[in-house]
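Protein chains in written order, with numbering that gives the first Met the number 0: chain D, 0 to 333; chain Y, 0 to 333. Backbone N, C-alpha and C fix where the C-beta goes; we use that ideal spot for every residue, glycine too. Note sheet for the following structure.
Number of protein chains: 2
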Amino acid sequence: MFKIRSLVTALALAGSVSVASAWDALPTQADAPADNPTTAAKVELGQMLYHDPRLSSTGTVSCASCHNTMLGGEDNRPNSMGVNGQTGGRSAPTVWNSAFNKVQFWDGRAASLEEQAAGPVTNPIEMGMKSWDDVVARLQSIEGYQKAFEEAFGKGTISKENATKAIAAYERTLITPNSPYDKYVGGDKSALSAQQVRGMEKVAELGCTSCHSGPAFNGPGTFQKFPVIPNGYWEAQHHFGKDKGLAEVSKKQADEHLWKVPTLRNVALTAPYFHNGSVKTLDQAVTLMAKLQLGKDLSKDEVADIVAFLNSLTGEFPKQKMPVLPGTPGSTFN
Amino acid sequence: MFKIRSLVTALALAGSVSVASAWDALPTQADAPADNPTTAAKVELGQMLYHDPRLSSTGTVSCASCHNTMLGGEDNRPNSMGVNGQTGGRSAPTVWNSAFNKVQFWDGRAASLEEQAAGPVTNPIEMGMKSWDDVVARLQSIEGYQKAFEEAFGKGTISKENATKAIAAYERTLITPNSPYDKYVGGDKSALSAQQVRGMEKVAELGCTSCHSGPAFNGPGTFQKFPVIPNGYWEAQHHFGKDKGLAEVSKKQADEHLWKVPTLRNVALTAPYFHNGSVKTLDQAVTLMAKLQLGKDLSKDEVADIVAFLNSLTGEFPKQKMPVLPGTPGSTFN
């Protein structure tokens with residue numbers, strides 16, 4: 000794994016901030032767990048499975064439907080639409096750079112990409128399969144998948160475990176390096192505009208980076224309460240209190256309104272914002288985050304500077320080939 | 000346009016059929032209309048538009064959702080699922096080789112790919128946009144599309160006409176040559192098995208090729224009545240009478256139950272079958288076509304031979320890159 004760490008200096012160079020912050024470029028590769036080393040055959044199979052709507056009950060919803068690899072890694076909807084037009088209460092997180100998340104899902108309930116990949120397939124309002132046994136039976140009925148699993152894992156290896164491993168292996172390749180920000184911290188001082196540099200300074204000065212730091216702007220911690228500062232008006236406006244985050248899973252009062260700190264990479268491409276997708280623009284998202292997490296009212300210019308900086312986090316998307324999915328024998332969907 | 004025509008000979012060689020039939024390999028390129036010459040920039044833009052779910056009201060349905068270019072050019076469903084989980088009464092025809100259709104849609108109501116491309120976008124149960132003005136406004140709000148249209152058509156050219164031209168230009172590249180059948184008629188006599196050759200002979204002998212001939216097996220005519228031979232039992236079983244085909248558009252009695260003769264290319268990948276997707280397997284489709292169009296009861300072996308031959312019509316899918324769709328500013332979808 001390549002990791003470029005630039006202990007900048009950027010702010011010090013800019014001259015207006017007294018503390019030096021660590022600004023990290025995005026690695027171009029992601030570490031894989033010991034039991035799922037990344038191989039070309041797994042990535043190829045994973046790309047097929049990820050884009051295959053036949054992993055849903057209706058044959059209409061693939062992982063890519065909500066986490067679109069042709070777009071910013073999600074669907075630009077407040078809430079995604081699963082099988083039969085159903086919608087849930089949360090906004091799809093981007094798949095780009097999800098390899099760098101410490102936990103997965105908005106509430107962080109999955110510890111790995113492998114674990115995450117198993118979830119939506121059998122969620123009744125997402126992909127709607129009755130069970131993974133049904134998914135495995137469907138994959139087994141498709142000759143081309145028998146071959147693709149054989150190449151990735153060996154003969155007769157179609158299983159939930161291997162399907163989710165392949166999807167995770169593919170997702171680990173979905174990295175968007177070389178953003179203007181990455182070039183800037185790599186030494187190309189012309190990569191950011193003066194406004195973007197002002198926004199970068201402001202992000203550190205305000206304290207945004209106390210939660211959104213590191214190469215993916217999603218650390219150093221894992222979870223954070225939202226909102227930190229109670230605000231009846233905005234909470235009512237956006238129904239922020241309705242969904243209790245991690246507590247919905249853990250059932251612990253201490254976990255109420257705890258959320259995974261999301262990456263800011265490619266954030267300009269992933270409107271609308273927040274866990275319930277209720278915030279339509281990046282301007283509004285920045286304004287609300289400052290108010291509800293840091294207790295600060297930003298000026299219009301400050302918001303514009305920060306948004307300009309956030310736009311510099313849009314990276315280069317890897318060139319991908321379109322997968323060719325193996326044919327379906329007979330009719331499976333109603 | 001390259002066109003390989005092989006006046007075969009194949010049947011004569013096989014020795015058991017007295018009339019020589021014309022068996023044509025699939026061209027590798029399709030002619031474009033004079034007012035829409037195919038260019039690389041148009042094809043690139045067309046591929047983006049074709050795969051962009053933001054051309055639908057909900058942001059969830061693209062052309063590719065129902066006419067999937069990763070699969071057999073359709074969705075393997077009896078009826079496709081449009082926005083908000085809605086379904087219609089017809090089965091999505093394959094987009095592969097649709098450039099060689101004389102007319103488009105099951106009822107042939109569109110004379111060209113350009114005309115066809117305009118339809119589903121504003122169909123309330125397909126992509127659900129209120130109007131093309133709304134589509135154009137949405138595309139204009141996306142900076143990357145301004146640039147892509149400029150490259151394909153010139154500055155400030157986002158319009159319904161150009162969007163549908165680009166989509167059609169892309170579709171003209173979706174050709175699947177070099178099937179085993181194509182290799183066989185090109186002279187490679189080992190490309191088909193003995194059973195496939197028997198099936199090929201049977202197809203000519205029965206008269207299937209009186210409607211399904213030519214390189215795409217969809218001519219020489221354009222429309223055909225279905226069923227030709229009334230059969231109360233099977234018509235009731237599959238509700239064939241419910242949809243009146245061309246007459247639904249023309250309102251003429253003479254057009255009742257007239258349908259575009261569909262291509263047989265890649266037919267093994269496009270279950271379920273017939274205009275309403277009510278026939279689940281290719282075996283059953285062959286059996287019913289012989290009975291209802293030709294008045295013949297086929298033996299199990301004859302069906303198996305014909306199905307083996309139809310499997311030889313699965314071609315090579317062109318290598319495609321995954322399009323990178325330009326980002327959405329703010330939130331558009333509810």
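Contact with chain Y is absent for Gly-240 (chain D), since none of that chain's Cβ atoms lies less than 8 Å from the residue's Cβ.
Burial check for Gln-195 (chain Y): the Cβ neighbour count within 10 Å reaches 16 or more, so the residue is buried. Considering only beta carbons, the part of the stretch 254-275 of chain D lying closer than 8 Å to chain Y consists of Ala-267, Leu-268, Ala-270, Pro-271, in chain order. Sixteen is the threshold: when 16 or more other Cβ atoms of the shown chains lie within 10 Å of the Cβ of His-50 (chain D), as they do, the residue is buried. When D:Gly-314, D:Cys-210, D:Gly-244 are compared, the shortest CA-CA separation from Pro-179 (chain D) is found for D:Gly-314.
Taking a Cβ-Cβ threshold of 9 Å, none of the residues of chain Y is close to Val-134 (chain D); the smallest such distance is about 16 Å. Assignment of Thr-327 (chain D) by DSSP, reduced to helix, strand and coil, places it in the coil class.
Interface residue (Cβ-Cβ distance to chain Y less than 8 Å): Ser-64 (chain D) is classified as such. Contact between Ala-29 (chain D) and Ile-174 (chain D) holds: their C-beta atoms lie close to 6 Å from each other, under 8 Å. One alpha carbon belongs to Leu-257 (chain Y), the other to Leu-263 (chain Y), and they sit about 18 Å apart. Between His-238 (chain Y) and Phe-148 (chain D), the alpha-carbon positions lie close to 39 Å from each other. The contact set of Asp-181 (chain Y) on chain D, defined by CB atoms closer than 9 Å, is empty, because the minimum CB distance reaches about 18 Å.
For Leu-44 (chain D), the enclosing alpha helix (DSSP H) covers residues 39-49. Proximity of the stretch 278-292 of chain Y to the stretch 79-87 of chain Y falls short of the contact definition, fewer than three beta-carbon pairs being nearer than 8 Å.
Pro-322 (chain Y) reaches chain D at Met-69, Met-321, counting residues in chain order whose Cβ is nearer than 9 Å. Counting the other Cβ atoms within 10 Å of the Cβ of Pro-92 (chain D) gives 16 or more, which makes it buried. For Lys-318 (chain Y), the chain D residues whose Cβ falls inside 7 Å of its Cβ are Lys-320, in order along the chain. Fully enclosed beta strand (DSSP E) runs of no fewer than 3 residues occupy 257-259 of the stretch 255-322 of chain Y, in order along the chain.
Under the 8 Å Cβ criterion, the stretch 45-61 of chain D does not count as touching the stretch 283-296 of chain D, having fewer than three qualifying pairs.
Taking C-alpha positions only, Pro-261 (chain D) is separated from Ala-267 (chain Y) by approximately 44 Å.
Considered as a whole, the stretch 178-206 of chain Y harbours 179-184, 193-205 as its complete alpha helix (DSSP H) runs of no fewer than 4 residues, in chain order. With respect to chain D, the C-beta atom of Asn-217 (chain Y) has no partner C-beta closer than 8 Å. For Lys-101 (chain Y), the secondary structure class from DSSP, reduced to helix, strand or coil, is coil. Thr-163 (chain Y) carries a helical assignment under DSSP once its states are collapsed to helix, strand and coil. Straight-line measurement puts the Cα of Gly-326 (chain Y) at about 34 Å from the Cα of Glu-160 (chain D). One thing to note: Pro-214 (chain D) has its Cβ no nearer than 8 Å to the Cβ of Phe-308 (chain D).
Just so you know, the alpha carbons of Lys-320 (chain Y) and Gln-319 (chain D) end up roughly 6 Å apart. Around Thr-221 (chain Y), the same chain offers Lys-101, Val-102, Gly-107, Lys-259, Val-260 as residues with beta carbons nearer than 8 Å, after the five sequence neighbours per side are excluded. For Lys-146 (chain Y), the enclosing alpha helix (DSSP H) starts and ends at 142-152. Scanning chain Y for C-beta atoms nearer than 7 Å to the C-beta of Met-80 (chain D) yields Thr-57, Thr-59, reported in chain order.
In this structure, the straight-line span from the alpha carbon of Ala-110 (chain D) to that of Trp-95 (chain D) is close to 17 Å.
In this chain, Gln-85 (chain D) is not harboured by any beta strand (DSSP E), its DSSP state being neither H nor E. When CB distances to chain D are screened at a threshold of 9 Å, not a single residue of the stretch 163-179 of chain Y falls below it.
Non-local beta-carbon contacts of Asn-310 (chain D) in its own chain, meaning distances under 7 Å to residues more than five positions away in sequence, involve Ala-267 in chain order.
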